[in-house]
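Novice: Following this message is one structure expressed as structure tokens.
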Amino acid sequence: MSDDDTTATSSKRRPFLKAGAGAVAVSLAGCTGDGGGEGTETEPQGTEEITESTPGEAGEGDVPEGGSFRFGMSNPPEGVNPMATSSSYSWTVLSEIMGYGTALDPVTFDVQPSAYTDWTVENVDSGEPDVYFNIREGITWSDGEEFTVDDVLFTYNFIMEANPGRYASTVAPIETVEEADNDWDVHLKLANPVGTYDSQQLQLPLLPEHRWSDVSPEDFTEYQPQENTYEVDGQEYLGPVGLGPGRLSRYEPDTSVEIEYRDDYTLNDLEWYQEHENLRAGGPFLDNVRINIYGSSDALQQAFISEDAIDALYGSVLPANIPDVEEKEGARIVTGSDTGYAHYSFEMRTTPFDDTIFRQAVGLVYDHIYWINQLNRGTVQRGAFTMPPGYTAVRPETEIDAEINEHPASKAFDFLEDQPGVPDYASIKEFLQNGVPITGESAEGDNQVIPGRDYPGSMTGVTTDDMEARHEYTWDSVESDILADEPGVEEEIRVNGETITEINGEPLQILMYPPQDSPLGTQMLEDWVSKLKALGIPVERNVMTFNTMLTEVYTNVNFGAFPMSWTNLSPFGAPSLEGLFHSSQAHGPDEIGETDANNAMGYGTEGLPGADDLIDEALQTMDTEERNAVARQAVEKIYLDAPSQINSHEIPQWPVNEADFEGYVGGIPSPGDSYVSVQFSQIHQAE
């Protein structure tokens, strides 16, 4: 059996409004959003940081069983057809019903057995590996029918023929799936090595043949499982049917959904679960979960804070509402780790964003202290790398056993202060004029690159592609209109002797959301823009809604810099790095305005820095430790090349009712949304 350490390749875009803004789950190929409403903004109440929870011990002994847990969501599920929806709200429901071949440990990110008992891979060196696995006997579908090898074969062949967008990249490397002719149950043939096969190809949602055999692969999106009912012990339930612990007993998506738990579920009682230090085996312990739909973020928050209508909510409490939760009797906040990052990204085909040293320099002007401590009240962590702090296996610090987020090599482009809140403009100018970026090589003592800041060299041994500046930077009198009216700005930057406005015909365009949609983001951008102008860089803000920005960025590539957040990245690193930073995910010369591409920055395209070789190697490396080491290199190279400026990682703040229920698991990724199914398996009535 493999010991790989995580999964989840379906990333999601969300508006960079604030940490904790909601997101609608979508596949990597597309995107949508719910606006991520923030509620009422209040003035910052201090700079204390909120301590992140660590996973607790599972505890010993029996716990009370039964009870109904009330959960709230702002948006309704968009159907319960597992082949046709990528909505995170839908998957909050479906995760309780569907089952998978392998399971992900939410604490260690190890891949563990579930419906498959063990697996192996052979013939890796041939370039076309053979994966073999056994299925678990004695488990049943939620309608009581026995789970068989035929169900597994049907699942793979159906998904391969239907090719739904959510699973297209997962089934693409699969050539055939058939009953094995050796001591194994199933033989899966891959067209090429896939390092994360046990958390991708072995983690497709399993479909019962007796329920799906009449569904046409060509018309699978039309199937409405909830319309097909079934009975168990005289009780009627709604489809879908799965290997998970839940049965759908009510589905009124605009108002409420109810999931009842079955008594014969055993996949949470396997040996690895029983031996787990942080999880209690044998769950779920509840009778049911009742999900109420509120239609807006404000209504959802108030349902918990003021109305006592729910025991927990989807996502996080908004920073402005944290004091209300802390003062609420019987309530507490469970914290965890982020599954993504908030960022500004740059159009690298635009001068001077085509220059690594310039992209690094604009990061030195971004006051992350103001963003983290004052605006977000410590509910986010400083950003550096594209992999969040909880994904330690693919963080560069792990290469040298350094503390996450503390090593100097992770702080190369942090805000460079002269005094609190004021950049060291003289040193930043000197950095640009010297023409030597932070390359990954040691830059200590006399070899300092950024004046006043030592850089010890990269942790993984990688370097940038740009070992020197592409342009010459000088300063002269102000000529651009946008700087002429700016108080205190006396000099304007020159790139090879010309102003940026002369080169591009306009100032650099920084996109932003409407202030009413993103008051915190607006305050941060105002601060950053004022500092960039004070450095003599002509920048212009361009206001647009989230949905408009998606088109302008990912289709039309009409920006200089833009704000966004990504969530649900793969803790393996490589699958998400491929989807976000590989040159194959950028626009070709004739594709701008025609197709949607996640790598809108153009990172890795002709003439620009990139990490394609490292990403490709990580994707195809089957050994876990070797793959993680290569992924760490790719992550640090992206940091040095700076196609994106990682502003922060959220510290989720999940409000829960602890007066009536216990067993909540803290310290795991997204404890109140992406990993809420873990909570439902652990929550029990208070003793």
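22 is the number of the first residue of the sequence shown in this note's numbering; add one for each residue after it.
A virtual CB, placed ideally from N, CA and C, is assigned to each residue, including glycine.
Bear in mind the structure is a predicted one, so any value in this text is a computation, not a measurement.
1) Look up residue 93 in the DSSP assignment and say whether it is helix, strand or coil.
2) Which ranges would you report for the alpha helix (DSSP H) in the stretch 391-475 if only whole runs of at least 4 residues count?
3) Taking C-beta to C-beta, are residue 192 and residue 181 nearer than 7 Å?
4) As a quick exercise: from 360, 701 and 436, pick the residue whose alpha carbon is nearest that of residue 594.
5) With a threshold of 16 other CB atoms inside 10 Å of the CB of residue 458, please say whether the residue is buried or exposed.
6) Give the secondary structure of residue 257 by DSSP, where H, G and I count as helix, E and B as strand, and everything else as coil.
7) What is the rounded straight-line gap between the Cα of residue 275 and the Cα of residue 97?
8) For residue 653, collect the residues of the same chain with a Cβ closer than 6 Å to its Cβ; drop the 5 residues on either side in sequence, then sort them by chain order.
9) What residues in its chain sit with their C-beta under 7 Å from that of residue 50, if we drop five residues either side in the sequence?
10) Thinking just about the alpha-carbon of each residue, which of 143, 283 and 277 is nearest to the one in residue 331?
11) With respect to the beta strand (DSSP E) encompassing residue 369, which residues constitute its N-terminal and C-terminal limits?
12) Which stretch, first to last residue, makes up the alpha helix (DSSP H) that contains residue 570?
13) Can you tell which of 622, 424, 292 and 534 has its C-alpha closest to the C-alpha of residue 124?
14) Considering only their Cβ atoms, is the gap separating residue 448 from residue 411 smaller than 7 Å?
15) Got a sec: is the Cβ-Cβ distance from residue 229 to anything in chain C below 7 Å?
16) I need the DSSP call for residue 522, collapsed to helix, strand or coil.
17) Can you tell me whether DSSP reads residue 157 as helix, strand or coil?
18) Have a look at 435, 648, 199 and 170 and flag the residue whose alpha-carbon is nearest the alpha-carbon of residue 218.
19) Looking at the secondary structure, which residues open and close the alpha helix (DSSP H) in which residue 231 lies?
20) Along the chain, where does the beta strand (DSSP E) containing residue 674 start, and where does it finish?
21) Excluding the 5 residues flanking residue 389 on each side, which residues of the same chain have their C-beta closer than 8 Å to its C-beta?
22) Any idea what DSSP makes of residue 585, helix, strand or coil?
23) Alpha carbon to alpha carbon, how far is residue 463 from residue 477? Give it in angstroms, no decimals.
24) Kindly indicate which residue of 254, 236, 255 and 252 has the alpha-carbon position closest to the one of residue 246.
25) What does a CB cutoff of less than 6 Å around residue 73 pick up in its chain, not counting 5 residues either side in sequence?
26) What does the alpha-carbon distance come out to for the pair residue 408 and residue 253?
27) Can you give me the Cβ contacts of residue 497 inside the same chain, cut-off strictly under 8 Å, excluding the 5 residues immediately before and after it?
28) Rounded to whole angstroms, what's the CA-CA distance from residue 140 to residue 101? Just pull it up for me.
29) How many angstroms separate the CA atom of residue 493 from the CA atom of residue 522?
30) Compute the distance between the beta-carbons of residue 227 and residue 148, then report whether it is under 7 Å.
31) Quick check on residue 649: does DSSP put it in helix, strand or coil?
32) From the DSSP output, which residues share a beta bridge with residue 205?
33) What residues in its chain sit with their C-beta under 6 Å from that of residue 325, if we drop five residues either side in the sequence?
34) How many Å lie between residue 365 and residue 308 at the Cα?
35) Going by other Cβ atoms of all chains shown within 10 Å of its Cβ, with 16 needed for buried, is residue 369 buried or exposed?
36) Quick check on the DSSP output: the alpha helix (DSSP H) that includes residue 189 runs from which residue to which?
Specialist: In short, the structure shows the following:
1) strand
2) 446-455
3) yes
4) 360
5) buried
6) strand
7) 6 Å
8) 415, 417, 420 and 481
9) Any reading at residue 50 is ruled out, since the residue's pLDDT is 26, under 50, leaving its predicted position unreliable.
10) 277
11) That residue, residue 369, is in no beta strand (DSSP E); it is neither H nor E in DSSP.
12) 567-575
13) 292
14) no
15) No chain C appears in this structure, which consists of one protein chain only.
16) helix
17) coil
18) 648
19) 230-233
20) 674-678
21) 403, 404, 435, 436, 668 and 669
22) strand
23) 5 Å
24) 236
25) With a pLDDT of 49 at residue 73, under the threshold of 50, the modelled position of that residue is not reliable, and the figure given next carries that caveat. Correct list, in chain order: 356 and 672.
26) 44 Å
27) 512, 513 and 515
28) 30 Å
29) 16 Å
30) no
31) helix
32) According to DSSP, which records beta bridges pairwise, residue 205 is partnered with nothing at all.
33) 331, 334 and 676
34) 45 Å
35) buried
36) 189-192
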